[in-house]
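So the structure is just underneath, and the comments pick up after that.
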Amino acid sequence: MLVKKYVDMLQQKSVIRTLSEFATARGKEIGYENVFDYSLGNPSVAVPEEFNETCITLLREMEPMQLHGYSQSLGIPEVRQKVAESLNRRFSMNYKADHIFMASGAAGALSHAFRLVAQEGDEIITFAPFFPEYNPYVNLTGAQLKVVPPRTEDFQINFEAFEEMITEKTKAVLVNTPNNPSGIVYSEETLKKLAKILEEKSKEYGDTIYLISDEPYREIIFDQQKAPYVSHYYDHTISCYSFSKSLSIPGERIGYVAVNPSCKDAEKMIVMCGQISRGIGHNCPASLIQLAVAENLDRTADLGVYETNMNLLYDELKSLGFTCVRPGGTFYIFPKALEEDAAAFCDKALKYDLILVPADSFGCPGYFRMAYCIDTDKVKRSLPALRKFVETEYPNR
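Just so we're aligned, residue 189 is where the sequence shown starts under our numbering, counting upward by one.
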């Protein structure tokens, strides 16, 4: 007999993927350039040429067995060392290679982080709006994901509700800043307050509550700001990173876990990641890609297009009467729908070839997400369609 929980998941297909597939099918009918697809967060800017050149050089010059063979279970040592040095240089930390585990993207990093600190019957808390895949990521470990309702005026943390949800079962708190789907960057004030609460509750329960920081959008920041580095504010932080967005290489599936050196048993936790890999079949990212990112750690793709796209959409949405908190980063914007049922709102938008994602599964009913990682020209061409949709379907807004 097939395992029921996975059979049941077949009926719970991601709304994002469903809409993306609809957009692809519609594109075959009218040309994809005429479908304004804001469904999928797939980076749209070019990979840095230096990254491509690094790969070519490695392929031409490196000994094949070293380049294409298995790496060590925790990742290639010199790659881990270079990651540590980059983090120290950029964020004034004191990581060593022993605090770094190479993983298959942020999803792979999170899979290890959850299993480091939580097991059957434990709870992990996160904050709405949140990435819907956190549900299977956490719940399939045997732990349970608990979601704090959103503070919709600015999408910073709803601390009153958060403190009510913490119990002796809470083993970790999961944050995502810059945030998917809101685009909000948690402020230093927010992170300091969060750290204070975690310190107090850890002391109260006599057990460490860990902070797991999901950081794939860390480099996509607007208005020449810098995102606060979460691990600065709380010793027991496990940072989970992906190069998918910063270097525009999502298909290469490369990232890492970085455990704060001040965290008790930090080095042991990294060694434990190697054992966790044995249970989930992770078994090291590609050696070629580990080596390639190690030579491009302080480099990014040309990410400025995302801020350009955000400003175009934000200005248009506000002019049309939408309630919308201005994003501080990522390539998402998160307006409130013009009717209570966001799914119905997004369904009406399909008639105008606008592919928008209702936010019920993000823990924030009544809102919708737009992933604007598309060509700026297409964003501009989508604005008349957006205006026609609103003026036709909601003339009395």
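Yeah, the Cβ is synthetic: ideal placement off N, Cα and C, and Gly gets one too.
All values reported here derive from a predicted model rather than from experimental measurement.
Quiz item: When we look at the beta-carbon of R466 and count the other beta-carbons within 10 Å, is it buried (16 or more) or exposed?
Solution: exposed
Practice problem: Report buried or exposed for R229, applying the criterion of at least 16 other Cβ atoms within 10 angstroms of its Cβ. | Solution: The question names Arg, but residue 229 in the sequence shown is Gly. Buried, by the Cβ-count rule.
Quiz item: Do you know offhand how far R303's Cα is from P320's?
Solution: 19 Å
Exercise. Would you kindly check if the distance between the Cβ of I408 and the Cβ of Y494 is under 9 Å?
Key: yes
Self-check item: Closest Cα partner of E377 within the set K456, Y421 and A331
Solution: Y421
Self-check item: Stretch-stretch touch, CB-based, cutoff 8 Å, three pairs: the stretch 470–486 with the stretch 430–444
Solution: yes
Quiz item: So which of D541, Q254 and M498 has the shortest CA-CA distance to G516?
Solution: M498
Quiz item: On the three-state DSSP scale, how would you describe G462?
Solution: helix
Quiz item: At which residues does the alpha helix (DSSP H) containing N497 begin and terminate?
Solution: G492 to S507
Exercise. Report the residue ranges of all beta strand (DSSP E) runs contained in full by the stretch 214–248; include only those spanning at least 3 residues, in chain order.
Key: none
Quiz item: Which of the three DSSP states, helix, strand or coil, is assigned to R487?
Solution: coil
Quiz item: Candidates F522, L485 and M197: which alpha carbon is nearest V545's?
Solution: F522
Self-check item: Sequence-distant residues of its chain with Cβ nearer than 8 Å to V335 (five each side left out)
Solution: I313, T314, F315, A316, F318 and G551
Quiz prompt | Member of D310, V195 and S475 whose CA lies at the smallest distance from the CA of Y258 | solution = S475
Exercise. From the DSSP output, in three-state form, read off L399 for me.
Key: strand
Quiz item: Which whole runs of the beta strand (DSSP E) in the stretch 272–303 are 3 residues long or more, in chain order?
Solution: 288–291
Quiz prompt | Ranges of the alpha helix (DSSP H) found wholly within the stretch 360–396, counting only runs of at least 4 | solution = 376–393
Self-check item: C428 - containing beta strand (DSSP E), residue span
Solution: T425 to S430
Quiz item: Is L588 helix, strand or coil when you go by DSSP?
Solution: Residue coverage of the chain in this structure runs from 189 to 585, which leaves residue 588 outside it and unanswerable.
Quiz item: What do you reckon, are the CB atoms on V363 and S419 nearer than 9 Å?
Solution: no
Quiz prompt | Residue span of the alpha helix (DSSP H) that contains M197, given as start and end | solution = K192 to M197
Quiz prompt | Residue of K193, Y582, A285 and V235 minimising C-alpha distance to N484 | solution = V235
Quiz item: Between A383 and A301, is the Cβ-Cβ spacing less than 9 Å?
Solution: no
Quiz item: Who are the Cβ neighbours of A589 in its own chain at under 8 Å, not counting the five residues just before and after it?
Solution: This structure does not reach residue 589, given that the chain is present from 189 up to 585, and the question cannot be answered.
Practice problem: Identify, in the order they occur along the chain, each residue of the same chain with its Cβ nearer than 7 Å to the Cβ of E581, setting aside the five sequence neighbours on each side. | Solution: K536
Quiz item: Of the choices A573, V195, H470 and D541, whose alpha-carbon is the least far from that of I218?
Solution: D541
Quiz item: Who are the near neighbours of C561 in its chain, counting only those whose CB is closer than 7 Å to its CB and skipping five residues on each side?
Solution: G229, N230, P231, S232, Y494 and F519
Quiz item: Leaving out the 5 sequence neighbours to the left and right, which residues in its chain are closer than 6 Å to Y325 when beta-carbon positions are compared?
Solution: L298
Quiz item: How long is the line joining the alpha carbons of L246 and F279, rounded to whole angstroms?
Solution: 29 Å
Quiz prompt | Three CB pairs or more closer than 8 Å across the stretch 236–256 and the stretch 567–581 | solution = no
Self-check item: Between the CA atoms of A306 and H424 - distance to the nearest angstrom
Solution: 14 Å
Quiz item: Thinking C-beta only, is V223 closer than 9 Å to I543?
Solution: yes
Exercise. Compare the beta carbon distance of Q332 and E311 with 9 Å and say whether it is the shorter of the two.
Key: yes
Quiz item: If we ignore side chains and look at the alpha-carbon of each, how far apart do K456 and C472 end up?
Solution: 18 Å
Quiz item: Between the C-alpha atoms of F350 and F533, what's the straight-line distance to the nearest angstrom?
Solution: 30 Å
Exercise. Using the DSSP secondary-structure output, state which residues sit across from I442 in a beta bridge.
Key: None, per the DSSP bridge assignment.
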